[in-house]
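Mind the numbering: the sequence shown is residues -23 to -1, 1 to 246 in mature numbering (1 follows the signal peptide of the UniProt record, and there is no 0), read in order.
A quick write-up on the structure given underneath.
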Amino acid sequence: MNMHSRSASLLALLFTATLSLSGCDVGSFGSREAGEIPFKLVGVETDACPVIVRAGNDRWNIDYFGFYLSKPEVRVDGKWQRVKFKQTQWQTPSTALLKFHTMCSNPSDANNKIVLDVSEELLKLSTNLRFTMGLPLEQNHADINKQTSPISDKSMFANQLDGHMFLRLDVSKTGDPSSTWSYHLGNAGCEDTGIDEVKVESCAFTNRVEFILPMTQLDTDLDLDISVSNIFAQLDINEVDDCKFASSEIAPCKKLINNLVYRPWIKWH
């Protein structure tokens, strides 16, 4: 697999989907519509805000956790079929933003689900779901003031040259807010070819990650679990540097993107 400038692929294990509820509304949901797929944080403490994740012997506050998904597709009769997200505050037809850290403190500024614009009948025929973590190059580096929601979310945007964070994870040690660690996944090594304004035509590292999730036919109640600790598995975040818009060849970014590709940090419930 070429990790230099190409999207990576992840095959997740299939788990039986069931309806579950979690404290603090981090992963809870009520009745759902066709195409709705809730995401639930697992392996975290949600008894009170902020949400806390363990890393080794330490507890860390999740100060920010969100990511973009794009290019949703389902596989029917062995063929991939492009589908759309339903248009909402959190979705355009091609892009969705999930944001979890505010689920406790400010639920109106949080989103823990995607909604595909598909029928229940199509989902029953589908054997795989595929999407990409990231944004297309031209959309990623466009003027954010001209973007619509959710691409206009400035908390997920660095600058026009670097573009958006495909995934943003910021944590601080519980009881010691000065101890922090961040992972901001996005394009790296981008070149500005513009004269009067920023224009990005290529980046050395696209750092987009593709996911293919097997589905059980006839099952339309689909839920996904998110394990934050698996994102930085086998790394001591007390010691390693932040990874922000960096090459996937350097430490600790190489290990982090390998975790996204090979570890089951996202899987069916």
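The beta carbon of each residue, even a glycine, is placed where N, CA and C say it ideally should be.
- For Gln137, there is no enclosing alpha helix (DSSP H), as DSSP marks it with neither H nor E.
- One Cα belongs to Thr170, the other to Gly12, and the distance between them is close to 41 Å.
- In the DSSP secondary-structure assignment, His161 is bridged to Arg145, Lys221.
- Under the three-pair Cβ rule at 8 Å, the segment 167 to 184 does not count as touching the segment 61 to 76.
- The continuous stretches of beta strand (DSSP E) do not include Lys231, which lies in the alpha helix (DSSP H) extending over residues 230 to 239.
- For Pro27, the three-state secondary structure derived from DSSP is coil.
- In this chain, the beta strand (DSSP E) harbouring Val19 covers 13 to 19.
- Residue environment: Ser8 is assigned as exposed (fewer than 16 neighbouring CB atoms within 10 Å of its CB, all protein chains considered).
- Ile29 and His78 have their C-alpha atoms roughly 10 Å apart.
- The C-alpha of Lys101 lies about 13 Å from the C-alpha of Pro191.
- Per DSSP, Gln211 has no beta bridge partner at all.
- A distance of 9 Å or more separates the beta carbons of Asn105 and Ile208.
- The beta carbon of Glu115 is closer than 7 Å to none in its chain, skipping five residues each way along the sequence.
- Assignment of Glu115 by DSSP, reduced to helix, strand and coil, places it in the helix class.
- DSSP places Glu97 in no beta strand (DSSP E) but in the uninterrupted alpha helix (DSSP H) bounded by 97 to 102.
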